[in-house]
Amino acid sequence: MPDIAESFTKVALIQWREDQKIITFDNEIQAQFKLSLVNNLENRRKLVEQAVLTVSQSGENIYFLSDSLTENILLTEDVFWMLGKLQNIDSQQERIWAALILWKFNPQDVKQIDAILTATQTNNILREEFAYYVSIIDLDSMQAEKSRSDYQERQERITRRQKPILDPPPKERVLLFLEQLESGKLLAWWQLNREMTLKLNSRRYEQEFESDLTKLPGWQEADVTTRERIINGAKKYIEEYSQIAYDWIGTNTYDRPALAGCRALQLLLQETPEFIDTLSSKIWQRWASVIVAFPHSSTTQREDYYTELVKRAYINAPSETLNTLLSIINKENEEHGYIFILNKFEKCWDEHLKTVLIEKAKDAAIKPKCIGQLLEELLKRESIGAREFAKSLVSIPLPLEEAHQKAVVAGRVLVECAEPSSWAIVWSAIQQDIDFGREVFEAVAYRYSHGLYLKLTEKQLADLYIWLVCQYPHAGDPDYSNDVLAHVAGVRESVAGFRDNVVIQLRETGTFQACIEIERIADQFPKLTWLKRTLLNAQNVMRRKTWQPPQPEQILQIVSNQPKNQSTYINQTGVFITMPDSNNPIINFNNPVNAANINSTINGDQIQHNYAPEKNLIEAFDEIHQIVNRITQNYPAPTEVEKQIIVAQAVEQVKQNPTLRKRLEVGGKAFIFEGLQKASDQWWVSPFVKAIEAAVKGE
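Shown next as structure tokens:
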């Protein structure tokens, strides 16, 4: 982003001019930033280009760019890229690029030397910069004087950057303020806190917003005795200091003595939690507001000890804690349109806090995005009141202006925290106002383009998918599959990802109803032929999730009850198949729910004797029987849902077999129906006969 790149570069130049690295606050973040620059070629070079442009316009000496502070900004492999910059630019920029090339070129790299020597043939400024290597310099010349001046300036900068040793050293400073604290000077505690941030080579106090004293150099370098004295000093400060300032809360200033109290409490919670348990309500009331208002850095915002401290403050001083919370919410809402403080209360979510935040969400001054944050946190914690309030914002006809934005935010949150009952409200509004629906789902997709689990019924998921396909057809999806460069996902691409994840969730539900709904979707969009494959995958998921292995007692029962003239085996799916001496197998359904073993035997010779002699009818019956057996092998102990699947799949296979269907239509169906019904009165016979009769009639 050009504007950000320009502004960031100006800040970087200020830091470099002051002999400072760009990131100075935290060593860990400093290292992360350095690594991110090395790994991001485009951003790193943008920073260099913008720096060269800015410095060339100021006309200042550019040698602070060719310094150890910027060594991770330019790398030796950038030489060829910089040589390419020596074209179509003004002379001041050209001199800066030439100086940077001189600073970064590798004298052992033959390719770089060749490229530079070639460029010096046509570029006078580059040739002047490399005069030491390519020409003789008169010691009394202007060029020699300039080289001496540049060298002297570099040395002075190095000298200025050499960090002096603190006098007295940090350890002695810590002991000095401990002595003052122990002698009764309570304000020495906050000064002690500052001294603990120092290292031997520190030039300034840092980490003033670190709540954990054990992370500071002063604690890590202290011996056991000194640490014990620090702990005792914390106890003294908490119990005795009462002149606490609160007027800084809700402003952009901070009171150091007050913040030192929060650090003392967190140290005691970590090191001597039994002491924390002895503190009176009066002491908690004194410090609760300070604890809540402590300004954490992003790296410690959710630190466990700190959030535990907030919880203790809330339990022991609820009024002070909540009043401070609401005050800071007002400030963040007004200044940022975003609430940051909620992270601190992750261990405090009881019904009282929920009630307070619901009322805050109803405040007319709270901006839409902040309402969304409050509702989102409340609905994650199953607040009924928050859900009812969110539903009230989504009213038909939809309001205008800011109220409309609140409705969109409420709709987004109700989708993200969906449950079947409240879904009806949102779904009705979406169907009545398509533009509103698009706003809601584009907002959801922006945050969850890679998937969001929606707590909806199978029908609700299917209806949503159908709506999304109608509004955002697959044919309109952007295609970046052949692009070489990476890109940031736009709204349309994000919505496509969200849409596709709806049908994936439906597929993975693993229920019979999900299969029915996917089949409905496929019927509505016949051109999306891949939905047939999705249906098959959904059926496989359902089988995996509903399959129940046979119990040992079932196996023993079947084996012990088996007639001598039959053999039993278990196929690879766990279905028991009993084979009599004839070639007609018996289907065994072992249903643990009904505690029934169903043994249905149909012998072709019996049917032939009693009904019809035609060979084709016997073959038709045998073929149907084999179809049922094959399907049943996948369901060792069929549930009610699986029984429906067995029947449906058997009928489908009969419908897809032209020869078998013809035999039934010609006159064999009466024989088949009667034979099946006489052969068994078990659960599957009646629905199978009804379904297959409907199938051959063309229903």
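Mapping the sequence shown onto our numbering, position 448 (from 1) lands on 587, and the numbers just tick up by one.
Using N, Cα and C, we set each Cβ at its ideal position, and we do this for glycine too.
This structure is a prediction, so every number in the text was calculated from the model and none was measured.
- Counting of Cβ neighbours within 10 angstroms places Phe219 among the exposed residues, the total staying below 16.
- In the structure shown, Ile161 adopts coil according to DSSP, grouped into three states.
- When Leu695, Leu645, Trp426 and Gln251 are compared, the shortest CA-CA separation from Glu459 is found for Trp426.
- Note on geometry: alpha-carbon atoms of Val191 and Ala238 lie some 11 Å from one another.
- A Cβ-Cβ distance of about 12 Å is found for the pair Ile370 and Leu404, leaving them out of contact under the 8 Å criterion.
- Straight across, the Cα-Cα distance linking Lys794 with Val623 is about 49 Å.
- The distance from the Cβ of Lys243 to that of Leu213 is about 5 Å, consistent with a contact at the 8 Å cut-off.
- A distance below 8 Å between beta-carbons, with the five flanking residues on each side excluded, links Cys401 to the following residues of its chain, in chain order: Ser350, Trp426, Val429, Ile430, Phe433 and Leu448.
- Using a 10 angstroms sphere on the CB of Arg343, the tally of other CB atoms stays under 16, which defines it as exposed.
- A distance below 7 Å between beta-carbons, with the five flanking residues on each side excluded, links Lys310 to the following residues of its chain, in chain order: Glu360.
- With 16 or more other Cβ atoms inside 10 Å of its own Cβ, Leu352 counts as buried.
- Collapsing the DSSP output to three states places Ala557 in coil.
- In the DSSP annotation of this structure, Thr215 is not part of any alpha helix (DSSP H), being labelled neither H nor E.
- Restricting attention to Gln382, Ala500 and Glu656, the CA atom closest to the CA of Phe528 is found in Ala500.
- Membership of Tyr604 in the alpha helix (DSSP H) is indicated by the continuous run Glu597 to Gln610.
- If you draw a straight line from the Cα of Pro307 to the Cα of Leu406, it comes to about 26 Å.
- Sorting Ala625, Gln644 and Ile422 by C-alpha distance to the C-alpha of Glu181 places Ala625 at the top.
- Listed in chain order, the alpha helix (DSSP H) elements of length 4 or more contained wholly in the stretch 298-360 are 309-321, 327-334 and 356-359.
- For Arg520, there is no enclosing alpha helix (DSSP H), as DSSP marks it with neither H nor E.
- In the pairwise beta carbon analysis, the stretch 541-554 is classified as touching the stretch 503-519: at least three pairs are separated by under 8 Å.
- Each residue's CA atom was taken as its position, placing Leu675 and Gln765 some 22 Å apart.
- It is roughly 7 Å from the alpha-carbon of Ile235 to the alpha-carbon of Ser195.
- For Gly590, the three-state secondary structure derived from DSSP is coil.
- DSSP places Lys666 outside both helix and strand once states are collapsed to three, so it counts as coil.
- Per DSSP, the continuous alpha helix (DSSP H) segment holding Ile643 begins and ends at Val630 to Glu647.
- In summary, Ala397 is buried, with 16 or more beta-carbon neighbours lying within 10 Å of its beta-carbon over all protein chains present.
- At the C-beta level, Thr261 and Val273 stay beyond 7 Å of one another.
- The alpha carbon of Glu216 has as its nearest neighbour, out of Gln599, Gly198, Glu490 and Arg184, the alpha carbon of Arg184.
- Pairing Ile264 with Gln159, the inter-Cα distance amounts to about 30 Å.
- Contact fails between the stretch 627-636 and the stretch 666-685, because fewer than three Cβ pairs, one in each stretch, are under 8 Å apart.
- With fewer than 16 other Cβ atoms from the protein chains shown falling within 10 Å of its own Cβ, Trp669 counts as exposed.
- Taking the Cα positions, Phe651 is about 6 Å away from Val780.
- When only Cα atoms are considered, Phe172 and Phe484 end up about 30 Å apart.
- Annotated as proximal: Phe316 and Leu331, with beta-carbon spacing under 7 Å.
- By the CB criterion at 7 Å, Leu600 and Leu645 fall inside the cutoff.
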